[in-house]
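K.L.:
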DNA sequence: TTGTAAGCGTTATCAG
DNA sequence: CTGATAACGCTTACAA
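Protein chains in written order, with the UniProt record's numbering: chain A, 1 to 335; chain B, 1 to 335.
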């Protein structure tokens with residue numbers, strides 16, 4: 001059996017309260033006794049039982065994280081940020097993988113609550129009504145990642161998707177592209193797909209380029225659908241000079257479709273992405289893309305949680321981090 | 001305040017033990033009372049406090065996982081397996097990211113123990129003496145991933161690296177390659193790099209191909225070093241007809257070096273990898289590689305832990321899962 | 001079948 | 001400054 005506070009107290013000839021005091025520095029203890037207790041603790045190799053501690057303090061030092069898929073670079077890197085900052089503040093991460101399924105997500109949300117986690121970082125592809133209902137009455141801090149949560153009172157950390165898409169589209173236009181396809185994601189209001197779309201159309205309009213609906217495709221963050229969309233464009237003889245995919249995976253899918261059909265990137269068609277996952281610089285040609293500060297997104301998310309736990313209320317609901325356009329080799333200049 | 005077992009007992013007009021019995025099915029309870037209690041539980045929305053439960057049961061329902069880096073496909077996918085099976089058995093995952101640093105790993109190992117986790121899945125790039133000392137005296141189940149643990153008494157789940165490398169080398173030879181470079185990893189005894197090396201040399205010897213040390217490079221799982229190794233080969237005019245990299249990332253690094261220097265894969269040089277990470281089929285040309293059952297590795301690892309927790313001793317120490325050679329487009333036949 | 005009461009290892013309150 | 005002692009919410013002998 002592990003050694004408990006009692007063992008220490010007995011061996012040091014003091015009461016357990018005294019031991020508790022020295023391990024917590026909570027109340028003054030005479031130096032002599034403190035030393036004695038410390039020595040016994042050392043000898044016995046005593047470590048306080050965090051479970052017992054949690055029970056009385058009603059704190060678990062646990063933060064729950066729900067993600068749709070761990071083996072995804074964006075999510076993994078965000079998790080790195082969460083984990084590192086969490087550990088700095090002595091919080092552990094309880095990991096839940098929802099596979100993006102509503103039912104799982106709801107289940108985990110209540111599971112985490114029942115596990116007494118002190119906060120939840122919740123990442124989902126689609127923020128549904130059911131989520132919102134739950135989130136609105138939950139009494140522990142929750143923060144979301146890259147969702148538009150302005151209608152519910154949940155903080156969210158993200159980048160300026162509108163601005164980023166606007167910037168990227170302008171970049172393309174400045175390179176002489178006029179026929180620019182958009183493979184986008186997140187049609188829902190909670191997602192930033194709509195903001196990206198607005199950024200794209202705004203840039204186009206400002207340059208008097210007409211919006212061609214046949215060049216706007218819906219994707220799902222993954223390669224396959226983007227691949228198929230491009231194959232379709234090829235079949236329809238409706239290839240643009242540039243493709244803007246709002247996720248790097250989709251951009252890769254687009255490039256693969258092009259390459260597999262004998263086109264060259266960027267010589268025949270330019271392709272740009274969004275996120276700057278590791279892969280973006282590993283693929284050939286290296287992908288021009290929008291860099292999201294992924295690690296920082298995770299770090300900021302958990303910082304918000306910790307602040308809320310400490311009772312420091314933040315009134316902001318959207319935490320917007322800076323992005324950056326990373327110019328690499330997948331876009332060709334037409335001018 | 002959350003509702004407790006007492007509240008339920010009071011409202012249902014029974015003792016707390018009775019409530020405990022119905023929620024645990026531990027002892028017979030008359031049907032009438034059971035219904036009554038269940039109803040109250042429902043009404044009050046009661047969920048047992050797992051912290052209190054852990055305290056008395058001395059079980060946390062927590063399994064600690066230490067990995068060197070979350071944003072890595074292999075690790076993420078393994079984690080998917082761990083998480084999914086863990087949840088099936090009602091275990092939660094406490095995630096620790098060590099960045100592969102010895103000190104962090106040691107810290108987490110004891111942290112997890114003090115957190116009363118019931119088992120630990122420990123993944124590291126290098127299994128050092130310090131780890132072994134710790135692991136030898138720890139009294140909770142630990143399992144490792146892809147390490148050769150035959151000298152300590154810790155189970156490890158892996159594939160047959162010797163066989164896989166042998167198979168791949170033979171594949172290359174059968175395609176007519178004779179000048180085959182090896183970019184390998186894990187020189188230590190705990191790692192399977194040595195086994196892979198043996199598989200490679202065995203195949204070569206069996207075909208009377210002399211081993212050319214100038215074609216054997218040490219890598220570190222990452223792209224950069226492999227990239228540099230290949231650049232060096234190019235500079236030295238010592239390019240083989242095929243490169244076997246023992247990680248897909250390194251294979252990509254090798255291909256990038258080739259492509260960036262004007263060579264074509266596989267037309268000029270063939271490249272094959274190891275692991276079959278997602279990227280392997282996303283890159284162009286698609287990478288021929290050895291597929292490790294990554295998800296299953298995680299799943300098996302946690303199953304072993306759970307079995308050990310239940311006291312079902314396993315005497316095996318190496319759990320070898322099947323691998324598969326996946327033939328794609330990065331290798332050309334010379335015959 | 002049900003209830004009483006003794007823990008589990010801490011922290012916190014209140015006397016001394 | 002120090003020590004009893006009552007919680008925290010739950011499980012589990014032991015009694016009834």
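Even for Gly, the Cβ is constructed at its ideal location relative to N, Cα and C.
#1: Pairs of beta-carbons, one from the segment 167-174 of chain B and one from the segment 128-137 of chain B, closer than 8 Å: are there three or more?
#2: Taking only the alpha-carbon atoms, compute the straight-line gap between residue 363 of chain A and residue 290 of chain A and give it to the nearest angstrom.
#3: By the three-class DSSP mapping on this structure, what secondary structure does residue 29 of chain B have?
#4: Use the C-beta contact count for residue 176 of chain B: other C-beta atoms within 10 angstroms, 16 or more gives buried, fewer gives exposed.
#5: Note down the Cα distance separating residue 144 of chain A from residue 12 of chain A, rounded to an integer number of angstroms.
#6: Expressed to the nearest angstrom, what Euclidean distance is found between the alpha-carbon atoms of residue 294 of chain B and residue 79 of chain B?
#7: The alpha helix (DSSP H) with residue 303 of chain A in it runs from where to where?
#8: Could you tell me whether the segment 67-76 of chain B touches the segment 64-81 of chain A, using the rule of 3 or more Cβ pairs below 8 Å?
#9: I think residue 243 of chain B touches residue 141 of chain B, with their Cβ atoms under 8 Å apart; what is that distance to the nearest whole Å?
#10: Taking all protein chains shown into account, do 16 or more other C-beta atoms lie within 10 angstroms of the C-beta of residue 77 of chain A, making it buried, or fewer, making it exposed?
#11: Going by beta-carbon coordinates alone, are residue 209 of chain A and residue 276 of chain A separated by less than 8 Å?
#12: Going by DSSP, what residue range makes up the beta strand (DSSP E) through residue 337 of chain A?
#13: Which whole-angstrom value is the C-beta distance of residue 182 of chain B and residue 115 of chain B, which I expect to be below 8 Å?
#14: DSSP has residue 97 of chain B in a bridge; who is on the other side?
#15: Just to confirm the assignment, what range does the alpha helix (DSSP H) spanning residue 51 of chain A have?
#16: Between the C-alpha atoms of residue 311 of chain B and residue 301 of chain B, what's the straight-line distance to the nearest angstrom?
#17: Could you name the residues of the same chain whose beta carbon sits closer than 8 Å to that of residue 265 of chain A, not counting the 5 residues immediately before and after it, in chain order?
#18: I'd like to know whether the C-beta of residue 84 of chain A is nearer than 8 Å to at least one C-beta of chain B.
#19: Just to confirm before moving on: does the CB-CB distance between residue 308 of chain B and residue 119 of chain B stay below 8 Å?
#20: Which chain B residues are close to residue 52 of chain A, counting only those with a beta carbon under 8 Å from its beta carbon?
#21: Which of the three DSSP states is assigned to residue 144 of chain A in this structure?
#22: Should residue 323 of chain A be labelled buried (16 or more other beta-carbon atoms within 10 Å of its own) or exposed?
#23: In whole angstroms, what is the alpha-carbon distance linking residue 287 of chain A and residue 247 of chain A?
#24: Once DSSP output is grouped into helix, strand and coil, what is the label at residue 179 of chain B?
#25: When you compare only the Cα positions, how much space is there between residue 83 of chain B and residue 173 of chain A?
#26: Going by CA-CA distance only, name the one from B:109, B:29 and B:4 that's closest to residue 139 of chain B.
#27: Give a yes or no on whether the minimum CB-CB distance between residue 94 of chain B and chain A is below 8 Å.
#28: Please name the residues in the segment 102-115 of chain B whose beta-carbon is closer than 7 Å to at least one beta-carbon of chain A, in chain order.
#29: Excluding sequence positions up to five away, which residues of its chain have a Cβ less than 7 Å from the Cβ of residue 29 of chain A?
#30: To test your reading of the DSSP string, which unbroken alpha helix (DSSP H) runs of 4 or more residues are found completely within the segment 204-277 of chain A?
#31: How many Å lie between residue 239 of chain A and residue 273 of chain B at the Cα?
#32: Grab the span of the alpha helix (DSSP H) containing residue 82 of chain A for me, first residue to last.
#33: Find out if the Cβ-Cβ distance for the pair residue 153 of chain A, residue 317 of chain A is shorter than 8 Å.
#34: Is the shortest distance between the beta-carbon of residue 321 of chain B and the beta-carbons of chain A less than 8 Å?
#35: Quick one, which residues of the UniProt domain "HTH lacI-type" (3-57) of chain A are near chain B if we go by CB-CB under 9 Å, in chain order?
#36: Which residues does DSSP list as the beta-bridge partners of residue 330 of chain B?
P.N.:
Inspection of the coordinates gives the following:
#1: Contact fails: fewer than three Cβ-Cβ distances are below 8 Å.
#2: Shown here, chain A extends from 1 to 335; a query on residue 363 of chain A therefore has no answer.
#3: Reduced to three states, the DSSP call for residue 29 of chain B is coil.
#4: By the neighbour-count rule (16 or more Cβ atoms within 10 Å), residue 176 of chain B is not buried but exposed.
#5: Looking at the two C-alpha atoms, the distance is approximately 48 Å.
#6: Answer to the nearest angstrom: the Cα atoms are 9 Å apart.
#7: Going by DSSP, residue 303 of chain A is part of the alpha helix (DSSP H) stretching over 294-309.
#8: Taking 8 Å as the limit for Cβ pairs, the verdict is that the segment 64-81 of chain A does touch the segment 67-76 of chain B.
#9: Between residue 141 of chain B and residue 243 of chain B the Cβ distance is about 40 Å, and since that is not below 8 Å, they are no contact.
#10: Counting Cβ neighbours within 10 Å, residue 77 of chain A comes out buried, since at least 16 surround it.
#11: For the pair residue 209 of chain A and residue 276 of chain A, the CB atoms are not nearer than the 8 Å cut-off.
#12: There is simply no residue 337 of chain A to check, as chain A begins at 1 and stops at 335 in what is shown.
#13: About 42 Å separates the two Cβ atoms, so there is no contact after all.
#14: For residue 97 of chain B, which the question treats as bridged, DSSP gives the partners B:67.
#15: Start and end: 50-57.
#16: Their Cα atoms are separated by approximately 16 Å.
#17: Result list for residue 265 of chain A: 255, 258, 259, 271, 285 and 330, in chain order.
#18: Interface annotation, residue 84 of chain A: in contact with chain B, CB-CB separation under 8 Å.
#19: Result yes, Cβ atoms of residue 308 of chain B and residue 119 of chain B sit closer than 8 Å.
#20: Under the 8 Å cutoff, chain B gives 55.
#21: Residue 144 of chain A: strand per DSSP, three-state reduction.
#22: Burial call: buried.
#23: Whole-angstrom Cα-Cα distance: 11 Å.
#24: Reduced to three states, the DSSP call for residue 179 of chain B is coil.
#25: Straight-line Cα distance between these residues: approximately 45 Å.
#26: Residue 139 of chain B has its Cα closest to that of B:109, out of B:109, B:29 and B:4.
#27: Answer yes: the Cβ-Cβ gap between residue 94 of chain B and chain A drops below 8 Å somewhere.
#28: Flagged, chain order: 114 and 115.
#29: Leaving aside the five residues that flank residue 29 of chain A on each side, the residues in its chain whose CB is nearer than 7 Å to its CB run, in chain order, 18, 21 and 22.
#30: If we require 4 residues or more, the alpha helix (DSSP H) runs fully inside the segment 204-277 of chain A come out as 223-235 and 248-260.
#31: In a straight line, the C-alpha of residue 239 of chain A is about 34 Å away from that of residue 273 of chain B.
#32: Here the alpha helix (DSSP H) through residue 82 of chain A covers 73-88.
#33: Cβ atoms of residue 153 of chain A and residue 317 of chain A: closer than 8 Å.
#34: No, residue 321 of chain B lies away from the interface with chain A (no Cβ there is under 8 Å from its Cβ).
#35: Taking 9 Å as the Cβ-Cβ cut-off against chain B, the residues of the UniProt domain "HTH lacI-type" (3-57) of chain A that qualify are 47, 48, 49, 50, 51, 52, 54 and 55.
#36: Answer is none; residue 330 of chain B lacks a bridge partner.
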